Amino acid sequence: MAQTNVKQRQAGFAERLIKLLRRIWNCRVLYLMLIPVLAYYVIFKYIPMYGITIAFKKYNVFKGIADSPWVGLDVFKKIFDSRNFWEAVRNTLVLNLSTLAVSFPFTIIVSLMLNEVRHAGFKRVTQSVLYLPHFISWVVVAGIATNMFNMTNGTINVILKSHGMDAIPFLSHNGWWIFTYIVCNVWKEIGWGTIIYLAALTGVDESLYEAAYLDGATKFQRLVYITLPAIKSVIVTMLILSISKMMSIGLDAPLLLGNTKVSNVSEVISTYTYNIGILSAKYSESTAIGLFQSVFNIIILVLADWFAKAIGEDGII
Amino acid sequence: MTKTGKYHKKDRVTLGMVLIYIGIALLALICLYPFVNVLAYSFSGYNAVLSGRVTFYPIDFTVDAYKEILKRPQLWLAMRTTVIVTLGGTALSLTLTTLAAYALSRKELPGKNFFTAVILFTMYFGGGMIPTFLVVKNLGLYDTLFALFVPQAVNVFNFIVMRTFFRDLPESLEEAARIDGASYLGCLIRIFLPLSVPIIATMALFYAVGYWNTYFDALIYIQDPNKYTLQLRLKGLLTGDELNNSANLEGIGTQVMSQSLKMATVAISTIPILVVYPWLQKYFVKGVMIGSVKG
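Top line first, the protein sequences correspond to chains A and B. Numbering-wise (the working numbering), the first sequence opens with residue 3 and increments by one. Numbering-wise (the working numbering), the second sequence opens with residue 8 and increments by one.
Listed below in structure tokens is the structure:
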């Protein structure tokens with residue numbers, strides 16, 4: 003009795019295996035299609051992950067990654083003892099948090115405003131214009147910003163001076179530079195950021211509004227009790243995503259907007275990694291900082307996700 | 008898209024609505040103004056720029072700045088390089104992304120979750136700048152144009168958007184073709200691609216703009232000035248590294264002329280995007296929505 007059971011199970015297993023192999027064989031063309039992409043990911047994403055080991059080694063260009071000697075956590079000790087590193091961390095967090103504090107609520111407000119616009123033509127044109135800056139390179143944005151915010155002959159300071167006011171050092175004073183950085187970022191991404199909220203807003207059931215209207219709810223009440231709850235999960239998701247990227251910062255913006263006068267606030271992790279990694283060829287240090295950044299981001303992501311779930315939201319992982 | 012429900016018609020024109028329209032219009036103007044400023048500078052005359060009178064429109068209209076650009080072969084070489092990288096990169100990216108998205112959108116593919124996870128994982132964790140740089144260098148791509156598009160060929164977000172799109176197309180479409188003996192490749196080319204024009208246009212725009220605007224990759228991977236990309240040249244021009252040379256050659260006046268020249272160069276390097284953009288705009292909003300809502 004027991005034996006036949008085993009036999010049956012074996013037969014069942016063999017059958018399933020053959021079925022699976024047949025399915026795999028039937029899908030052979032799909033696997034062929036996957037090969038180039040998987041090769042791409044292995045070569046350019048997973049092999050570099052192996053390269054992270056040089057954060058724990060004294061990297062020697064001639065020996066290569068594998069043969070360089072292990073040094074344990076020496077590289078990390080060196081970094082964590084460096085004041086420049088902590089300054090870069092601080093600047094990254096300051097720029098990211100202040101940009102988020104401005105752009106996050108602003109994006110939602112603009113989305114809600116756009117959602118109220120009924121005139122199709124007006125909506126289409128303004129949306130096109132609002133999305134446009136997203137497609138402009140940082141080199142160009144920085145060029146335009148310099149032209150407009152320049153102390154001596156920038157357009158804005160020229161206007162200020164012609165009205166008898168003092169010129170503002172938008173690009174050369176620490177505080178004002180952060181202001182300019184935020185302005186440029188918000189200018190570039192505000193419109194683009196609304197797309198996701200507008201998508202969520204179009205999904206709101208129209209009959210809810212009608213019912214609320216018939217019950218005598220004001221526009222503001224409809225906003226608070228219908229619209230905001232409807233996009234709450236998108237808001238939470240976007241917030242988690244933004245917060246989990248707190249330690250990452252695009253290199254282009256601080257590098258291109260920054261200058262030697264404001265390097266105290268414009269030297270962020272990405273520019274620091276670039277400076278010591280590419281320019282000074284300190285590969286181990288630079289890689290270690292990259293690893294610190296990745297691990298920090300993942301921890302924040304998990305924490306934020308856990309928090310979102312704790313307050314009854316969906317979370318993202 | 009526009010909501011024309013009953014309750015809206017009953018809403019009178021309120022002060023709030025007027026303020027919303029004004030607010031949005033103002034915001035659009037703020038988004039547009041820097042471009043206007045750039046064009047105004049690029050077409051303005053020497054004295055107007057010198058005295059800082061240019062704000063909204065050209066003063067002492069002239070095309071001298073554009074004529075000056077024509078005299079700079081380096082800029083055109085950089086433009087050509089960028090066009091090559093953009094075309095090559097977009098073609099490669101679209102091919103790889105489409106193939107992967109199609110294959111991994113097929114429910115019957117054994118192991119599709121594993122392969123998808125392999126791709127998604129790279130969104131959260133990566134080797135970072137230096138290890139990637141070393142891989143590119145070891146492959147012999149350093150200081151070649153390939154370094155500007157091969158290492159960043161596939162974007163995970165674009166992949167998700169496309170896979171979601173393929174997955175949500177009706178299954179019956181493919182089933183019928185499969186029963187008629189069409190291969191997967193045949194299905195992809197004859198059934199899926201024709202239905203995916205909007206999404207492919209969106210992806211093409213995203214990839215192309217990405218390649219066109221890339222600054223950092225060119226900065227770290229390109230050494231030979233003959234292979235400089237447009238953004239690299241532009242940066243050199245804007246910060247004055249290259250202007251100083253021409254100032255020596257052309258004498259006084261260049262320093263102020265440079266302001267117009269810079270802005271004219273900015274205009275020329277941005278025009279290709281502005282030309283393509285309106286054509287694809289109606290597609291990409293939809294494309295991003297697919298990715299953001301369902302991805």
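By construction, the Cβ of each residue, glycine as well, lies at the ideal position given by its N, Cα and C atoms. This structure is a prediction, so every number in the text was calculated from the model and none was measured.
Could you spell out where the alpha helix (DSSP H) holding residue i opens and where it closes?
{"i": "glycine 96/B", "result": "80 to 112"}
{"i": "proline 205/B", "result": "204 to 220"}
{"i": "methionine 136/B", "result": "136 to 145"}
{"i": "aspartate 76/A", "result": "76 to 82"}
{"i": "threonine 275/A", "result": "271 to 276"}
{"i": "glutamate 75/B", "result": "71 to 77"}
{"i": "asparagine 299/A", "result": "285 to 312"}
{"i": "lysine 125/A", "result": "122 to 133"}
{"i": "leucine 230/A", "result": "230 to 246"}
{"i": "tyrosine 48/A", "result": "No alpha helix (DSSP H) contains tyrosine 48/A, which DSSP labels as neither H nor E."}
{"i": "asparagine 62/A", "result": "Where asparagine 62/A is concerned, there is no enclosing alpha helix (DSSP H), given that its DSSP letter is neither H nor E."}
{"i": "proline 107/A", "result": "85 to 118"}
{"i": "arginine 185/B", "result": "178 to 186"}
{"i": "alanine 35/B", "result": "22 to 49"}
{"i": "phenylalanine 166/B", "result": "163 to 175"}
{"i": "alanine 242/B", "result": "One point to set straight first is that residue 242/B is lysine, not alanine, in the sequence displayed. Lysine 242/B -> alpha helix (DSSP H) spans 237 to 245."}
{"i": "glutamine 223/A", "result": "221 to 224"}
{"i": "tryptophan 140/A", "result": "140 to 151"}
Which one of the options has the shortest CA to CA distance from residue i?
{"i": "tyrosine 232/B", "options": "Gly59/B, Leu82/B and Phe68/B", "result": "The residue you asked about is not tyrosine; residue 232/B is proline in the sequence shown. Taking only the C-alpha atoms, the option nearest proline 232/B is Leu82/B."}
{"i": "threonine 88/B", "options": "Tyr48/B, Leu26/B, Phe291/B and Leu152/B", "result": "Leu152/B"}
{"i": "isoleucine 146/A", "options": "Phe42/B, Thr21/B and Ser265/B", "result": "Phe42/B"}
{"i": "glycine 260/A", "options": "Trp179/A, Ile242/A and Ile198/A", "result": "Trp179/A"}
{"i": "leucine 36/B", "options": "Phe15/A, Leu132/A and Val63/A", "result": "Leu132/A"}
{"i": "serine 203/B", "options": "Val45/B, Leu77/B and Thr104/B", "result": "Thr104/B"}
{"i": "alanine 215/B", "options": "Ile91/B, Pro65/B and Ile27/B", "result": "Ile91/B"}
{"i": "glycine 95/B", "options": "Asn44/B, Leu155/B and Val142/B", "result": "Leu155/B"}
{"i": "valine 142/B", "options": "Ala312/A, Tyr285/A and Gly314/A", "result": "Tyr285/A"}
{"i": "valine 188/A", "options": "Thr273/A, Val304/A and Leu97/A", "result": "Leu97/A"}
{"i": "lysine 247/A", "options": "Val185/A, Val91/A, Tyr183/A and Val8/A", "result": "Val91/A"}
{"i": "serine 174/A", "options": "Thr262/A, Glu269/A, Ile56/A and Ala306/A", "result": "Thr262/A"}
{"i": "asparagine 93/A", "options": "Asp76/A, Ser265/A and Phe124/A", "result": "Ser265/A"}
{"i": "valine 44/A", "options": "Asp71/B, Ala98/B and Leu127/B", "result": "Leu127/B"}
{"i": "isoleucine 110/A", "options": "Met249/A, Ser164/A, Ile138/A and Thr229/A", "result": "Thr229/A"}
{"i": "lysine 289/B", "options": "Pro279/B, Leu245/B, Phe132/B and Met210/B", "result": "Met210/B"}
{"i": "threonine 182/A", "options": "Ile20/A, Ile302/A and Ser100/A", "result": "Ser100/A"}
{"i": "glycine 133/B", "options": "Val141/A, Ser296/A and Gly66/A", "result": "Ser296/A"}
What does residue i touch in chain B if you count any residue whose Cβ is under 9 angstroms from its own?
{"i": "phenylalanine 106/A", "result": "In chain order: nothing, as chain B lies at least about 16 angstroms away."}
{"i": "leucine 259/A", "result": "Neighbours of leucine 259/A on chain B: none; closest Cβ ~11 angstroms, over 9 angstroms."}
{"i": "proline 171/A", "result": "Chain B residues near proline 171/A: none, gap ~17 angstroms exceeds 9 angstroms."}
{"i": "isoleucine 280/A", "result": "Met136, Ile137, Phe140, Leu226 and Ile227"}
{"i": "glycine 193/A", "result": "Leu34, Ala35 and Cys38"}
Taking residue i as the query, report the chain B residues whose CB atoms sit under 8 angstroms from its CB, ordered along the chain.
{"i": "asparagine 149/A", "result": "Asn44, Val45, Tyr48, Gln266, Lys269 and Met270"}
{"i": "methionine 51/A", "result": "Phe132, Gly133, Gly134 and Pro138"}
{"i": "glutamate 315/A", "result": "Here the premise fails: no neighbours, minimum Cβ distance about 16 angstroms."}
{"i": "tyrosine 285/A", "result": "Ile137 and Leu141"}
{"i": "threonine 94/A", "result": "Chain B residues near threonine 94/A: none, gap ~15 angstroms exceeds 8 angstroms."}
I think residue i touches residue j, with their Cβ atoms under 8 angstroms apart; what is that distance to the nearest whole Å?
{"i": "proline 138/B", "j": "isoleucine 54/A", "result": "6 angstroms"}
{"i": "serine 244/A", "j": "aspartate 316/A", "result": "So it is not a contact: roughly 16 angstroms between Cβ atoms."}
{"i": "leucine 253/A", "j": "tyrosine 276/A", "result": "6 angstroms"}
{"i": "glutamate 269/A", "j": "glutamate 89/A", "result": "7 angstroms"}
{"i": "leucine 192/B", "j": "valine 31/A", "result": "6 angstroms"}
Applying a beta-carbon distance threshold of less than 7 angstroms, which residues of chain A neighbour residue i?
{"i": "glutamate 115/B", "result": "Arg25 and Cys29"}
{"i": "phenylalanine 164/B", "result": "Per Cβ cutoff of 7 angstroms: no residues; phenylalanine 164/B is ~11 angstroms from chain A at best."}
{"i": "glycine 30/B", "result": "Met115"}
{"i": "serine 203/B", "result": "Simply none; closest approach about 15 angstroms."}
{"i": "valine 216/B", "result": "Phe137"}
{"i": "threonine 123/B", "result": "Those do not exist, as threonine 123/B stays about 10 angstroms from chain A at its closest Cβ, beyond 7 angstroms."}
{"i": "alanine 85/B", "result": "Near alanine 85/B there are no residues of chain A at all, since even the closest Cβ is about 12 angstroms away, more than 7 angstroms."}
Report the neighbours of residue i on chain B: residues whose CB is nearer than 7 angstroms to its CB, in chain order.
{"i": "threonine 275/A", "result": "Met136"}
{"i": "threonine 157/A", "result": "Asn44 and Thr62"}
Could you name the residues of chain A that residue i contacts, counting a contact when the two beta carbons are closer than 9 angstroms?
{"i": "serine 222/B", "result": "Residue 222/B is actually tyrosine in this sequence, not serine. Ordered by position in chain A, the residues that pass the 9 angstroms Cβ test against tyrosine 222/B are Ser139, Trp140, Val141, Leu253, Asp254, Leu257 and Leu258."}
{"i": "alanine 110/B", "result": "Cys29, Val31, Leu32, Tyr33, Leu34, Met35, Leu36 and Val39"}
{"i": "glycine 147/B", "result": "Neighbours of glycine 147/B on chain A: none; closest Cβ ~13 angstroms, over 9 angstroms."}
Three CB pairs or more closer than 8 angstroms across the segment 200 to 212 of chain A and the segment 140 to 154 of chain A: Too few Cβ pairs lie closer than 8 angstroms, so no.
Segment contact flag, the segment 173 to 181 of chain B with the segment 127 to 144 of chain B, C-beta cutoff 8 angstroms, min 3 pairs: With a cut-off of 8 angstroms, the segment 127 to 144 of chain B and the segment 173 to 181 of chain B do not count as touching, because too few Cβ pairs lie within range.
The segment 109 to 122 of chain B in contact with the segment 268 to 279 of chain B per 3-pair CB rule at 8 angstroms: Three or more Cβ pairs closer than 8 angstroms define a contact, and the segment 109 to 122 of chain B falls short of that threshold against the segment 268 to 279 of chain B.
Segment contact flag, the segment 67 to 78 of chain A with the segment 183 to 197 of chain B, C-beta cutoff 8 angstroms, min 3 pairs: As far as the Cβ criterion goes, the segment 67 to 78 of chain A does not touch the segment 183 to 197 of chain B, which means the pair count is below three.
Validate contact between the segment 105 to 113 of chain B and the segment 36 to 43 of chain A using beta carbons, cut 8 angstroms, 3 pairs: Taking a cut-off of 8 angstroms on C-beta distances, the segment 105 to 113 of chain B touches the segment 36 to 43 of chain A, as three or more cross pairs fall below it.
Cβ contact (3+ pairs, closer than 8 angstroms) linking the segment 184 to 199 of chain B and the segment 52 to 70 of chain B: Between the segment 184 to 199 of chain B and the segment 52 to 70 of chain B, the count of Cβ pairs shorter than 8 angstroms is below three; the stretches do not touch.
Three or more C-beta pairs below 8 angstroms linking the segment 193 to 206 of chain A and the segment 102 to 119 of chain A: Cβ pair count under 8 angstroms is three or more, so yes.
Meets three-Cβ-pair contact criterion under 8 angstroms: the segment 286 to 299 of chain A and the segment 50 to 65 of chain A: Output reads yes: the segment 50 to 65 of chain A touches the segment 286 to 299 of chain A.
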